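**Q** Please read through the structure below; I'll follow up with questions.
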């Protein structure tokens, strides 16, 4: 007589059957200091995420005792902010490493589904003008509605033959295009580009470029560094400034563009899974892309909840190559050249 083979679930072995969800960990049982040290976010922020994502994380399951939304969110936050599936993290909330992985996947997809809710350009003219005014107040650069740059996030090699993800440092990565406002809030995030693509190629192929080329944001422009080509909607620094006006333009450009560099530092500091200090993301490019996007959604939500974007110091190495490693992109757009010259003449002479 054949004996049926049963696949054992380690969580069920530990906690048995009989309830719909497993509430292994109670937020009210620990201090705010503990939550910040273990999960990187305060109690009320975590409660908000439970309310926001609870419906997605309570989907029907074949298992008799599903993991509660609260526990899933804590597991995911623990991974995002520590960068590893450490045993102590699972022990702290009472789940196995395998369940930790499932929780991260569930919460990541729930956050990705809400990306357009939290990452977007303002739609009304008043908000766009407010953006321009804020940037102008920073360093005197007019017409700016956002700053753009790319950052590399290390991932495991998809396979030995695929070299499309190998960046200029010889590491496998995703090259992620982002735009932020003066507070560091992200307005565009594209996390799916292979690391072998240069920043200018990423921008050229991006939906962001398509939007601006189609004239969706007239009378406004982004600021990009010398890794990008000059466009009518993208102002870059001059390679070799010669006049006082050109020097003043470059100084204002640099001071304004530094906002996104600080934003990258904050992202990598708060979400250690992105900074490379714990190794590459051990997922496929698609899943890694979703994890990066999920962290960006959390970044914007934290800003909406009053968590200062500049509050966390840089604690790990970034995969972003120094700017001097890039070739300076010469302008191929005569109209863009004219606009930049007029900008310098009008505002920096």
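Numbering (the UniProt record's numbering), first residue to last: 1 to 349.
Every residue gets a Cβ at the ideal spot worked out from N, C-alpha and C, and that includes glycine.
On a predicted model such as this, the values are computed, not experimentally measured, just so you know.
(1) Assign residue 80 to one of two classes, buried (16 or more other C-beta atoms within 10 Å of its C-beta) or exposed (fewer than that).
(2) Whole angstroms are fine: how far does the CA of residue 48 sit from the CA of residue 16?
(3) Quick check: the Cα distance between residue 297 and residue 267, rounded to an integer number of angstroms?
(4) Specify, as a first and last residue, the run of the beta strand (DSSP E) that residue 151 falls within.
(5) The alpha helix (DSSP H) that contains residue 197, what's its start and end?
(6) So the candidates are 291, 136 and 198; which of them puts its Cα closest to the Cα of residue 168?
(7) Does the beta-carbon of residue 281 have 16 or more other beta-carbons within 10 angstroms, so that it is buried, or is it exposed?
(8) For residue 274 versus residue 153, is the C-beta spacing smaller than 8 Å?
(9) State the DSSP-derived secondary structure class of residue 173, mapped to helix, strand or coil.
(10) Residue 305: buried (16+ other C-beta within 10 angstroms of its C-beta) or exposed?
(11) So residue 52 is in the beta strand (DSSP E); what residue range does that whole segment cover?
(12) If you compare alpha carbons, which of 107, 255, 216 and 133 is closest to residue 224?
(13) Compute the distance between the beta-carbons of residue 290 and residue 148, then report whether it is under 8 Å.
(14) Touch check for the region 249-264 and the region 183-203: three-plus C-beta pairs under 8 Å?
(15) May I ask you to list the residues that DSSP assigns as paired with residue 231?
(16) Going along the chain, which residues of its own chain have a beta-carbon closer than 7 Å to the beta-carbon of residue 250, five neighbours each way excluded?
(17) Below 8 Å on the Cβ atoms is my guess for residue 190 versus residue 171; work out the distance and round it to an integer in Å.
(18) Using the three-state DSSP reduction, which class does residue 185 fall into: helix, strand or coil?
(19) Would you grab the beta carbon distance between residue 253 and residue 141 for me? Rounded to a whole angstrom, and I think it's under 8 Å.
(20) Rounded to whole angstroms, what is the Cα-Cα separation between residue 220 and residue 144?
(21) I need the DSSP call for residue 223, collapsed to helix, strand or coil.
(22) Going by DSSP in three states, residue 178 sits in which element: helix, strand or coil?
(23) Just list the residues that DSSP pairs residue 166 with in beta bridges.
(24) Determine, using beta carbons only, whether residue 101 and residue 245 come nearer to each other than 8 Å.
(25) In the structure shown, what three-state DSSP assignment does residue 242 receive?
**A** In terms of the structure at hand:
(1) Within the chain shown, the letter at position 80 stands for residue 80. Buried, since its Cβ has 16 or more Cβ neighbours within 10 Å.
(2) Counted from its first residue, the chain shown places residue 16 at position 16. Counted from its first residue, the chain shown places residue 48 at position 48. For residue 16, the predicted model reports a pLDDT of 39, less than 50, meaning its position is unreliable and no value from the coordinates is stated.
(3) For the purposes of this step, residue 297 is taken as residue 297 along the chain shown, with counting starting at 1. For the purposes of this step, residue 267 is taken as residue 267 along the chain shown, with counting starting at 1. Going by the C-alpha atoms only, they are around 11 Å apart.
(4) Here residue 151 corresponds to residue number 151 of the chain shown, with the count starting at 1. 144-154 is the extent of the beta strand (DSSP E) around residue 151.
(5) Within the chain shown, residue 197 is the residue found at index 197, counting from 1. If you look at residue 197, you'll find it isn't in any alpha helix (DSSP H); DSSP assigns it neither H nor E.
(6) Taking the chain shown and counting its residues from 1, the one referred to as residue 168 is at position 168. Cα-wise, what sits closest to residue 168 is 198.
(7) Translated into positions along the chain shown, residue 281 becomes position 281. So residue 281 ends up on the buried side.
(8) Locating residue 274 in the chain shown gives position 274, where the first residue counts as 1. Locating residue 153 in the chain shown gives position 153, where the first residue counts as 1. Yes, they are a contact pair.
(9) For this step, residue 173 is matched to residue 173 along the chain shown. Assigned with DSSP and collapsed to three states, residue 173 falls in strand.
(10) On the chain shown, residue 305 is found 305 positions in, with the first residue counted as 1. Counting Cβ neighbours within 10 Å, residue 305 comes out exposed, since fewer than 16 surround it.
(11) Here residue 52 refers to the residue found at position 52 when the chain shown is read from its first residue. For residue 52, no beta strand (DSSP E) encloses it; the enclosing alpha helix (DSSP H) starts and ends at 43-57.
(12) On the chain shown, residue 224 is found 224 positions in, with the first residue counted as 1. With distances taken between Cα atoms, residue 224 lies closest to 255.
(13) Reading the chain shown from its first residue, position 290 is the one you call residue 290. Reading the chain shown from its first residue, position 148 is the one you call residue 148. No, the Cβ-Cβ distance between residue 290 and residue 148 is not below 8 Å.
(14) With the cut-off at 8 Å, the region 249-264 and the region 183-203 touch.
(15) Translated into positions along the chain shown, residue 231 becomes position 231. For residue 231, the beta-bridge partners assigned by DSSP are 234.
(16) The residue labelled residue 250 in the question sits at position 250 within the chain shown. Cβ neighbours of residue 250 beyond the five flanking positions: 237, 238 and 241.
(17) Indexing the chain shown from 1 puts residue 190 at position 190. Indexing the chain shown from 1 puts residue 171 at position 171. With 8 Å as the limit, residue 190 and residue 171 do not qualify as a contact, their Cβ atoms being about 20 Å apart.
(18) Numbered from 1 along the chain shown, position 185 holds the residue referred to as residue 185. DSSP places residue 185 in coil when its eight states are reduced to three.
(19) To locate residue 253, count along the chain shown from 1; it is residue 253. To locate residue 141, count along the chain shown from 1; it is residue 141. Their Cβ separation, rounded to whole angstroms, is 6 Å, which keeps residue 253 and residue 141 in contact under 8 Å.
(20) Residue 220 sits at position 220 when you count from the first residue of the chain shown. Residue 144 sits at position 144 when you count from the first residue of the chain shown. For residue 220 and residue 144, the distance between alpha carbons rounds to 6 Å.
(21) As a first step, residue 223 must be located in the chain shown, where it is residue number 223. It is a strand residue.
(22) Counting from 1 along the chain shown, the entry for residue 178 is found at position 178. In the three-state DSSP reduction, residue 178 falls in the strand class (E or B).
(23) Against the chain shown, residue 166 aligns to sequence position 166. 172, per the DSSP bridge assignment.
(24) For this step, residue 101 is matched to residue 101 along the chain shown. For this step, residue 245 is matched to residue 245 along the chain shown. It is not a contact, given that the beta carbons lie outside the stated cut-off.
(25) Residue numbering aside, residue 242 sits at position 242 when the chain shown is read from its first letter. It is coil, neither helix nor strand.
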